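Asker:
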Amino acid sequence: MNTFDFLMQGLLVAAQPMNLLYALIGVTLGTAVGVLPGIGPALTVALLLPVTYQLDPGGSLIMFAGIYYGGMYGGSTTSILLNTPGESASIVTALEGNKMARAGRGGPALATAAIGSFVAGLIATMALALIAPFVVKLALVFGPREYFALMVLAFVTVSSAFGDSTLRGLTSLFIGFALAIIGIDQLTGQTRMSFGVPDLLDGIEVTTLAVAMFAIGESLYIAAQGDLGPDKVEAVRGSVWMNRQDWARSWKAWLRGTAIGFPIGAMPAGGAEIGTFLSYATEKRLTKYPEEFGNGAIEGVAGPEAANNASAAGTLVPLLTLGLPTTATAAIMLAGFQQYGLQPGPLLFATNPQLVWGLIASLLIANFMLLVLNLPLVGLWVKLLTIPKPWLYAGILLFATLGTIGANPSVFELGMLLAFGVLGYVMRIFGYPIAPVVVGLILGPLAEQQLRRALAISQGDVTVLFTSPIAAVLLLIAAAALIIPLILRARGRGEVLAQLAASED
Amino acid sequence: MSKGHTPSTETRRPDRAALVIAVFLAALGGLIFWDASRLASMGGYSGIGPATVPFVIAGSLLILAVWTVFEALRGDFPARDRQEVGPVVWIVGGLVLQMLLLKTAGFSIATGVLFAATAAAFGKRKLWMTIPVGILICLGVWLIFAGLLQLSLPAGPLEHLFW
Chain D
1 MNTFDFLMQG LLVAAQPMNL LYALIGVTLG TAVGVLPGIG PALTVALLLP
51 VTYQLDPGGS LIMFAGIYYG GMYGGSTTSI LLNTPGESAS IVTALEGNKM
101 ARAGRGGPAL ATAAIGSFVA GLIATMALAL IAPFVVKLAL VFGPREYFAL
151 MVLAFVTVSS AFGDSTLRGL TSLFIGFALA IIGIDQLTGQ TRMSFGVPDL
201 LDGIEVTTLA VAMFAIGESL YIAAQGDLGP DKVEAVRGSV WMNRQDWARS
251 WKAWLRGTAI GFPIGAMPAG GAEIGTFLSY ATEKRLTKYP EEFGNGAIEG
301 VAGPEAANNA SAAGTLVPLL TLGLPTTATA AIMLAGFQQY GLQPGPLLFA
351 TNPQLVWGLI ASLLIANFML LVLNLPLVGL WVKLLTIPKP WLYAGILLFA
401 TLGTIGANPS VFELGMLLAF GVLGYVMRIF GYPIAPVVVG LILGPLAEQQ
451 LRRALAISQG DVTVLFTSPI AAVLLLIAAA ALIIPLILRA RGRGEVLAQL
501 AASED
Chain H
1001 MSKGHTPSTE TRRPDRAALV IAVFLAALGG LIFWDASRLA SMGGYSGIGP
1051 ATVPFVIAGS LLILAVWTVF EALRGDFPAR DRQEVGPVVW IVGGLVLQML
1101 LLKTAGFSIA TGVLFAATAA AFGKRKLWMT IPVGILICLG VWLIFAGLLQ
1151 LSLPAGPLEH LFW
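Residue numbers (my numbering), protein chains in the order written: chain D, 1 to 505; chain H, 1001 to 1163.
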């Protein structure tokens, strides 16, 4: 069977009435939570993971796909109507989008973001379906050392290549690694770092860590800023529809954004937000209306929004084909797979094609649903934005603890939630990025497994890691991604890298 | 957001808080090293065992700690916003209370208290109003998630009235 047959089969799976319902619930919940200020896609996915616990793997992943795409849409609405600096994932959208909203053109800004996301999501999901089988074939020739090298590359790009400090990125990553070795060693069954505490034998749950760092850490940080007064939500005045000129200026930006965003997301390396910046820069250079940039140019919303969604679909390529999460959101999705004992990777395409292709197909369906849902319901989403902060954060903490209690109703788990929440808060104060901790926690054990397998085969000879050409090239790129930014920062050129920071929330 | 911290006019003082972070990293590295040394003899034929990677991580944490000391001494850490302590105490206190109350009082009461404490952290201090509201909301959430979605949320006296 070829890709097309698989995809058609997947569509049949996804189009079953129950699965359609799951997808609908997923996109609605995803948008509703994603639209709340201060909640990015990573936290949306982490908060809503418990909702899917009682479903079968297929239905759960389909709902999950909806939540993922819904969260992305919701986030763009927030940044257009509410200028929230600090949510760097959609900073670029806020640049022009919020200006448009202030000028009373919030409707067209939301529309071009929604339609652009749809176009980008559609093309990128198709591209995902086309590329995935090839990457799977490529992945089959990968041995432990190639996998290890690939993961090293992902570690470097997630933690230190972008952002404002190599030191702090690496520190975050290694805190993630330190947490990852807690529990039972997968290869020998020895307990590590658990100090006789039975609750620690299973290790640290990725969702507990993610929810603690993103939800509780963020709530503490926002609360500690004191009363900054209410945020200004821009009302959507006038028509939400775009006029002829809006369309003419948007469609090329959508396509360019998709073309920039997808390959960057699909690369097995972190930093998926770079696409939005590149797209913004491209649109700024190509536009016929340069004077509008900085004052609300529609291309500046259309391009980056498309790039953002395309790279979100792109990150599913390494996640599904290699089992390699390159963003915090993807790391939590991997945890979602693992709760059913599914390990994404080339094997999953062989053993469970229905599930994988059902998932890809439901991404397409979720994308359609979002387009239909989003524009008419924009008034409702705007209402969600106006929830006063005390109730908003009280609700966020309610659901953050609900997820943890639902997964494991133990006082110890809540204690960990609190401890990691405080850790996340302290890390925020000192400017440490959060995403590397989450990625380190989930990817660390996988990298260790591959490393130890490779070294066991070579009987402890470390040079074997560099003698495979693929592994050597990957490690070389990783070294470059570590060293070049260090030199750039030392010579005072760090601002560009700081802007490209791939922090998720 | 940055107040002060202009390295050209101000003499660079060592950043105390950053030094504390360095100590924490070194301690974490030491802890991992100590824990892994139990397993060091399990290398087997290849010399690669459950202690190998922890040793590498512990060593890296020590290097990062030294690096942090250097940046702290040079004053390379970014300027920090002033943090209000009160709201943080409210939220942490709410989470601790929830933890203590969860098993005995059940999900709704414990989480309702957390809800009110969080609202208080953001300025809504009328606890006589926010605690009951929080408990009611949490009861609704409990009915949906434990009742309909069959998530196992601890039940207390309030929940037993309904289920």
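Ideal placement from N, C-alpha and C gives every residue a C-beta, glycine not left out.
Bear in mind that the values here come from a model prediction, so they are computed numbers and not experimental data.
(1) Are the region 41–52 of chain D and the region 200–212 of chain D in contact at 8 Å, needing three or more beta carbon pairs?
(2) Measuring alpha carbon to alpha carbon, tell me which of D/Y53, D/P17, D/Q9 ends up nearest D/F337.
(3) Measuring only the C-alpha atoms, how far is D/T28 from D/L36?
(4) On a Cα-Cα basis, can you pick out the residue from D/G303, D/G261, D/L359 that is closest to D/A312?
(5) Once DSSP output is grouped into helix, strand and coil, what is the label at D/L82?
(6) Name the one or two DSSP bridge partners that H/G1106 has.
(7) Does any CB atom of chain H fall closer than 8 Å to the CB of D/K389?
(8) Quick check: what's the CA-CA separation for H/S1037 versus D/R192?
(9) Closer than 7 Å, Cβ to Cβ, to anything on chain H: give me those residues from the region 149–174 of chain D, in chain order.
(10) What whole-angstrom Cβ distance do H/P1154 and H/L1102 have, given they're in contact under 8 Å?
(11) Compare the Cα-Cα distances from D/V422 to each of D/S219, D/K284, D/P290, D/L61 and report the closest residue.
(12) Alpha carbon to alpha carbon, how far is H/L1062 from D/I25? Give it in angstroms, no decimals.
(13) Helix, strand or coil: how does DSSP classify D/T191 here?
(14) Per DSSP, what kind of secondary structure is D/G104 in: helix, strand or coil?
(15) Between the alpha carbons of D/L398 and D/A215, how many angstroms are there, rounded?
(16) Which residues in chain H sit within 9 Å of D/I429, going by Cβ to Cβ distance?
(17) Does the Cβ of D/L140 have 16 or more other Cβ atoms within 10 Å, making it buried, or fewer, making it exposed?
(18) Just to confirm the assignment, what range does the alpha helix (DSSP H) spanning D/T258 have?
(19) So, does the CB of D/P409 fall closer than 8 Å to a CB anywhere in chain H?
(20) Please report how far the alpha carbon of D/L486 lies from the alpha carbon of D/D164, in whole angstroms.
(21) What does H/G1049 reach in chain D if we use C-beta pairs closer than 9 Å?
(22) To the nearest angstrom, report how far apart H/R1080 and D/I429 are at their CA atoms.
(23) Establish whether the CB of D/F177 and some CB of chain H are separated by less than 8 Å.
(24) Anything in chain D within Cβ reach of H/E1071, meaning under 7 Å, just list it in chain order.
(25) In whole angstroms, give me the CA-to-CA distance for D/G460 and D/V437.
(26) Would you call H/F1070 buried or exposed, if buried means 16 or more other Cβ atoms sit within 10 Å of its Cβ?
(27) Looking at the structure shown, is D/G217 part of a helix, part of a strand, or coil, going by DSSP?
(28) Hey, would you say D/S250 sits closer than 8 Å to D/I204, going by beta carbons?
(29) Any C-beta of chain H within less than 7 Å: which residues of the region 280–294 of chain D qualify?
Answerer: In this structure, then:
(1) yes
(2) D/Y53
(3) 13 Å
(4) D/G261
(5) strand
(6) In DSSP, H/G1106 forms no bridge with anything.
(7) yes
(8) 10 Å
(9) L167, L170, T171, F174
(10) 6 Å
(11) D/S219
(12) 47 Å
(13) strand
(14) coil
(15) 10 Å
(16) A1017, R1080, D1081, Q1083
(17) exposed
(18) 244–266
(19) yes
(20) 10 Å
(21) D185, L187, T188, Q190, R452
(22) 6 Å
(23) yes
(24) L167
(25) 28 Å
(26) exposed
(27) helix
(28) no
(29) none
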